[in-house]
Every structure is written in C-alpha cells, then in structure tokens.
Amino acid sequence: DTEVTQTPKHLVMGMTNKKSLKCEQHMGHRAMYWYKQKAKKPPELMFVYSYEKLSINESVPSRFSPECPNSSLLNLHLHALQPEDSALYLCASSPGTSLFDEQFFGPGTRLTVL
Amino acid sequence: ELKVEQNPLFLSMQEGKNYTIYCNYSTTSDRLYWYRQDPGKSLESLFVLLSNGAVKQEGRLMASLDTKARLSTLHITAAVHDLSATYFCAGSYNTDKLIFGTGTRLQVFP
Chain A
1 DTEVTQTPKH
11 LVMGMTNKKS
21 LKCEQHMGHR
31 AMYWYKQKAK
41 KPPELMFVYS
51 YEKLSINESV
61 PSRFSPECPN
71 SSLLNLHLHA
81 LQPEDSALYL
91 CASSPGTSLF
101 DEQFFGPGTR
111 LTVL
Chain B
1001 ELKVEQNPLF
1011 LSMQEGKNYT
1021 IYCNYSTTSD
1031 RLYWYRQDPG
1041 KSLESLFVLL
1051 SNGAVKQEGR
1061 LMASLDTKAR
1071 LSTLHITAAV
1081 HDLSATYFCA
1091 GSYNTDKLIF
1101 GTGTRLQVFP
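Residue numbers (the numbering used here), protein chains in the order written: chain A, 1 to 114; chain B, 1001 to 1110.
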C-alpha cells in the first residue's frame, strides 16, 4: 500500500458541531502532517507528528486538536470552528528517518463551516 | 525565516512552446521540492532536489537547483494540455516544516 488515505472527502459542519478528520497510511512512515489550504493559496503547515509525538504546532487555534493514536493513523478533531476555517485539509506522511525525506500527500478533506 | 517566491503566478502558454517557472528563496534551504496540484485535488510530488547543480527530468519537465543563487527552475518543454495545473515549489532548512511558494497556475491551450 503506497498511499495516504483521508476520510471524509467532504464535510459540512455548523459552528457548534464536533467532527473529526481521519488520515491513514500503511507505508511504515513515522512522520505525519496536517496542512490547511485555502483556495488559490499554497498549503500551510498546521501540525507535525514524529514517532507519534507532536513535534511541531504552528500556533494553531485550540479549536483544532490533533491526535496520533498509532504510527499509521492521524486524526484532527474539530470543535467550534469558524466559517473562515473552511478549506482543504491535507494530510501527508514521510518515512521520518531524515529531514530530507519526501512528503506524500493524501487526497484531502474539503471542509465547509456554515 | 525562509520565504519562497515563485514567478510567474499565472502562465498561459500555447501547446508546443517552452517556458520556465522560477522559484526564489530568501535564506538557506537544504532541499527543494516541486509539486503539481490539479484543481480540487491533492499534491503530487514531481522532483526532490538536494544539492547545488542538481538537475532532474521527467517527461517534458526538468527541474534544477542553484543554491548559490537561491534559485530553482522548472522548465517545460513542448507543452501539452495535460500539463495544465498549479505548480508549487517548497523549501526547508533543518526542520520538517516545508515552506511553499505562492504557486504558478499553468494553462496550456491549443
């Protein structure tokens, strides 16, 4: 299995809802990432997990809560989001053995906050 | 902090023509990536450039890296419609964090 999968593909939620995004890879990668991408903009890093520990948090608001239950799975829990949080959320993974490792991206979850 | 800029932001080119996308970065970057993104889709890795003078080619695309000039280029040869997409370069230095350029939206017309 050489891909990163993300579910759901699309998500519409209200500002009072709680939802979760899921990312999975079975390539044995030990580093996993969440990115946010607004329309016509480049991806922006949110979080990095390395060997299941949070190693980078790019000052993301607490309404976004990442979780890495095991080395294959990465979740992003969402609560009390704002309409401006609507974006494409991309997950990526890399082997995690070197900073020069390539990152492989999943198909993304398109999130709309009403 | 590393900043990455691309130009042009938008490129409309005729099939069969050649063109180059430029990626400039502000401080040391120990690696440079090129990605392709189709509308509404994820990022597809094209090239990883790790050292000064590195040149990589795949089909009609060729990427190069000049670390002294802090410049990477993506050259398109004899463009075809299938190459229409947004192209991002991304750099990093001594960290997992990739800094992406602004992106170049390429449109190839007959």
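The beta-carbon is built from N, C-alpha and C at its ideal position, and this holds for glycine as well.
| Check | Outcome |
| --- | --- |
| Pairwise C-alpha distance: Asp85 of chain A and Glu67 of chain A | 19 Å |
| DSSP state of Asp1066 of chain B mapped onto helix, strand, coil | strand |
| Lys36 of chain A beta carbon less than 7 Å from that of Ala87 of chain A | yes |
| 8 Å contact criterion, which Gln25 of chain A and Ser93 of chain A should meet: CB distance rounded | 4 Å |
| Members of the segment 1022-1033 of chain B that neighbour chain A once the beta carbon cut-off is set at 8 Å | Asp1030, Arg1031, Tyr1033 |
| The segment 45-62 of chain A touching the segment 1094-1107 of chain B, judged by at least three CB pairs closer than 8 Å | yes |
| Exposure of Leu54 of chain A, with buried meaning 16 or more beta-carbon neighbours within 10 Å | exposed |
| Nearest neighbour of Leu1083 of chain B, chosen from B:Asn1018, B:Glu1001, B:Thr1027 [CA to CA] | B:Asn1018 |
| Same chain only: Cβ atoms within 6 Å of Thr112 of chain A, ignoring 5 sequence neighbours per side | Val12, Ser86 |
| Assigned secondary structure, Leu1083 of chain B (DSSP; H/G/I helix, E/B strand, else coil) | helix |
| Same chain only: Cβ atoms within 6 Å of Asn1007 of chain B, ignoring 5 sequence neighbours per side | Tyr1022 |
| Segments assigned beta strand (DSSP E), at least 3 residues, entirely inside the segment 1009-1078 of chain B | 1010-1014, 1019-1025, 1031-1037, 1043-1049, 1055-1058, 1061-1066, 1071-1076 |
| Short CB-CB distance (under 7 Å) between Lys1097 of chain B and chain A | yes |
| Cβ pair Ala1078 of chain B, Arg1105 of chain B closer than 7 Å | no |
| Assigned secondary structure, Glu52 of chain A (DSSP; H/G/I helix, E/B strand, else coil) | coil |
| Cβ pair Gly1103 of chain B, Leu1002 of chain B closer than 7 Å | no |
| Chain B contact for Tyr108 of chain A (CB, 7 Å cutoff) | The residue asked about is misnamed: residue 108 of chain A is Gly in this sequence, not Tyr. Output row for Gly108 of chain A: interface = yes. |
| Euclidean distance between Cα positions of Glu44 of chain A and Glu1044 of chain B | 16 Å |
| Test: Val1048 of chain B CB closer than 7 Å to a CB of chain A | yes |
| Cβ neighbours of Ser1064 of chain B in the same chain (closer than 6 Å, five flanking residues each side left out) | Val1055, Thr1073 |
| Candidates B:Tyr1025, B:Gln1014, B:Phe1088, B:Glu1015: closest to Arg1070 of chain B by CA position | B:Tyr1025 |
| Beta-carbon gap between Leu21 of chain A and Leu76 of chain A smaller than 7 Å | yes |
| In chain order, each beta strand (DSSP E) run of at least 3 residues that lies wholly inside the segment 38-109 of chain A | 44-50, 53-57, 64-70, 73-79, 87-94 |
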